[in-house]
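In this note's numbering, the protein residues as written are 8 to 169.
Beta carbons are placed, not taken as given, at the ideal position from N, Cα and C, and that holds for glycine.
Note that this is a predicted model, so its numbers are computed, not measured.
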Ligand code: RB5
């Protein structure tokens with residue numbers, strides 16, 4: 008109940024500040040499709056989701072979806088991405104092949120906040136087979152609420168690309 012109120016207030020604040028919903032590019036493989044649906048429902052008032060698929064539990068290859076989301080996030084600098092697979096590792100490994108993408112595998116609110124504060128992650132990756140939906144929602148909320156701290160963290164980010 009408290010978290011629903013919190014999300015509602017967050018949405019109102021975000022709408023007032025930005026006058027439009029932030030774009031979120033989202034994608035999953037078959038292992039993440041169920042959680043992807045729940046995430047879209049849970050945050051439907053807050054964000055404008057563009058879903059790259061997959062849309063069924065039929066077995067697919069996670070890079071096909073990670074590449075689409077990564078390319079979209081790079082094209083739209085105001086956006087963020089969410090990728091979901093069984094462990095999260097396949098999605099994170101693939102998305103991070105794109106220079107400028109900082110995809111962070113997160114399974115708890117504290118890690119998600121730090122992924123934004125310190126790493127300025129532009130894609131959050133969830134491990135669908137190792138996280139309950141409520142924990143996933145809290146992890147995402149924490150990511151969206153956090154802001155990049157810049158300073159020494161920007162200096163470190165500037166050293167990532169090779
Ligand atoms: C699919 O079985 C699984 O390998 C995939 O979802 C992911 O965990 C890969 O990293």
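Straight-line Cα distance separating residue j from residue i
i, j, result
"residue 152", "residue 27", "17 Å"
"residue 38", "residue 146", "19 Å"
"residue 2", "residue 129", "Residue 2 is absent from the model: the chain starts at 8 and stops at 169."
"residue 136", "residue 114", "11 Å"
"residue 42", "residue 169", "34 Å"
"residue 65", "residue 71", "14 Å"
"residue 141", "residue 51", "15 Å"
"residue 121", "residue 154", "9 Å"
"residue 49", "residue 57", "15 Å"
"residue 86", "residue 76", "11 Å"
"residue 138", "residue 44", "15 Å"
"residue 60", "residue 134", "16 Å"
Neighbourhood of residue i by C-beta, 8 Å cutoff - its chain only, sequence neighbours within 5 removed
i, result
"residue 117", "149"
"residue 83", "30 and 32"
"residue 126", "109, 111, 160 and 164"
"residue 78", "105"
"residue 119", "111, 113, 131, 146, 147, 149, 150 and 153"
Buried/exposed call for residue i, threshold 16 Cβ in 10 Å
i, result
"residue 97", "buried"
"residue 54", "buried"
"residue 73", "buried"
"residue 36", "buried"
"residue 157", "exposed"
"residue 62", "exposed"
"residue 166", "exposed"
"residue 101", "buried"
Own chain, CB closer than 6 Å to residue i, minus 5 neighbours either side, in chain order
i, result
"residue 8", "Confidence at residue 8 is low in this model, with a pLDDT of 47, below 50, so its placement is unreliable and no value can be given for it."
"residue 162", "none"
"residue 124", "153 and 156"
"residue 69", "36, 92, 97 and 98"
"residue 88", "32, 76, 80 and 130"
Distance between beta carbons of residue j and residue i, contact taken as under 8 Å
i, j, result
"residue 99", "residue 132", "5 Å"
"residue 46", "residue 143", "7 Å"
Residues near residue i in its chain [Cβ-Cβ closer than 7 Å; skip 5 each side]
i, result
"residue 23", "Low local confidence applies: a pLDDT of 49 at residue 23 is under 50, so the model's placement there is unreliable, with the coordinate-based value given in what follows. Same-chain partners within the cutoff: there are none."
(message) So within the stretch 58-122, which uninterrupted alpha helix (DSSP H) runs reach at least 4 residues, ignoring any that extend past its ends?
(response) 70-82 and 96-102
(message) List, from N- to C-terminal side, the alpha helix (DSSP H) runs of 4 residues or more that fit wholly inside the stretch 120-159.
(response) You should have 140-152.
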